[in-house]
Structures are given as C-alpha cells and as structure tokens.
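Q:
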C-alpha cells in the first residue's frame, strides 16, 4: 500500500467535504449512509468546518481516520464515535456501556480490495483500544453483503441486535461487534 493512514486535522474540512460527497454518490450509499448527497451538498461551509474540528486529532469523543495517497488525495475514511455509559448514542438510545461505534466507512472504488479498508480499521481500532475502550460496534444494512463479509473477515461478529434502517423502510441494520483481545 502506498498511502498514509492518519487522523484528520481541523483545518482539512474541504477534504472532509469532498470525500463525504464522493461517498454519498456511491451506488450503495443508500444502504450505507443515513444522509443523502442532495442534503449534504447544500450544507454551508460552517457545517463542514465543525464536522472536521469535531473529529480531528486531539478530540476524544470521535476521531476520523483517512488514507492519504502520495498525490494528497484522500482514498478512504472511517470515523470512530465514542459512546459513554448513560449517554445517548448516535441512534438516540441510552448507552449501556462505554464503546466505540464505527460509522462513515468509505473507500473510493478504485482502491477497494487493496487492503486499504483493513488499514483504516486497524488504525480506528488501535485508537479505540488506546483510549481504553473494550468494545467497538457498527451497523450494516441487511442487504449490504459486501460490507458484512468484510466486517466478519476482520473479526466483527453479529450480536443479533438490529435497528430499523433509516433510508430503507422495512429493512434492518444489523449490529456487529468486536472486543479487545
């Protein structure tokens, strides 16, 4: 692999915006993300500035990791949200434990299958374990078999839990977890 995996910096909001909009144009975006390209492209720059600052290096509540190619183009990303016991999680439920929650997983199509997603997950999990979390979860749409296969391959296991899919009425997002070994 010929890229650097690192945390984003607060001043990189333009790159955060560009990569997210690319992700939302992906053919399976409706299965993977709760927001749409149309809504996101209309957001003001202040939204993207706050989003970058809120997940940049030094922030302990969430962290965005990116894979940066030698040309400076961001090839992929993953975000770790920290959910604390007794606080509302991203789904609006009371968290029963301290844990990480992976969201925003995206790798540009031309870099899929290259090991880049593995490297992003390694960085995200290393950070989660480094701040003392013992468990990390994610949700995958029941029809997103490619993503589910990857998550299983890297050690995530289904919990049997699920939640209604936001963008696909009648469908479920399945919960998967990995625990610190």
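Residue numbers (the numbering used here): 931 to 1111. Idealized CB from N, CA, C, for every residue including glycine. For clarity, every value in this text was computed on a predicted model and none was experimentally measured.
#1: Assign residue 1103 to one of two classes, buried (16 or more other C-beta atoms within 10 Å of its C-beta) or exposed (fewer than that).
#2: Quick check on residue 1099: buried or exposed, where buried means 16 or more other Cβ atoms within 10 Å of its Cβ?
#3: Taking all protein chains shown into account, do 16 or more other C-beta atoms lie within 10 angstroms of the C-beta of residue 1020, making it buried, or fewer, making it exposed?
#4: Less than 8 Å between the CB atoms is what I'm expecting for residue 1016 and residue 1066, so what's the real figure, rounded?
#5: I'd like the span of the alpha helix (DSSP H) that includes residue 971, first residue to last.
#6: Cα-Cα, which of 1058, 1034, 1059 is closest to residue 1047?
#7: Who does residue 1006 pair with in a DSSP beta bridge?
#8: Where DSSP assigns a beta bridge to residue 944, which residues make up the other side?
#9: Would you please state the rounded distance, in angstroms, between the beta carbons of residue 1008 and residue 1054? I believe it to be under 8 Å.
A: Looking at the coordinates:
#1: buried
#2: exposed
#3: exposed
#4: About 19 Å; that fails the 8 Å criterion.
#5: Where residue 971 is concerned, the enclosing alpha helix (DSSP H) starts and stops at 967 to 971.
#6: Residue 1047 has its Cα closest to that of 1034, out of 1058, 1034, 1059.
#7: For residue 1006, which the question treats as bridged, DSSP gives the partners 997, 1037.
#8: For residue 944, which the question treats as bridged, DSSP gives no partner whatsoever.
#9: Correct: roughly 5 Å between the Cβ atoms.
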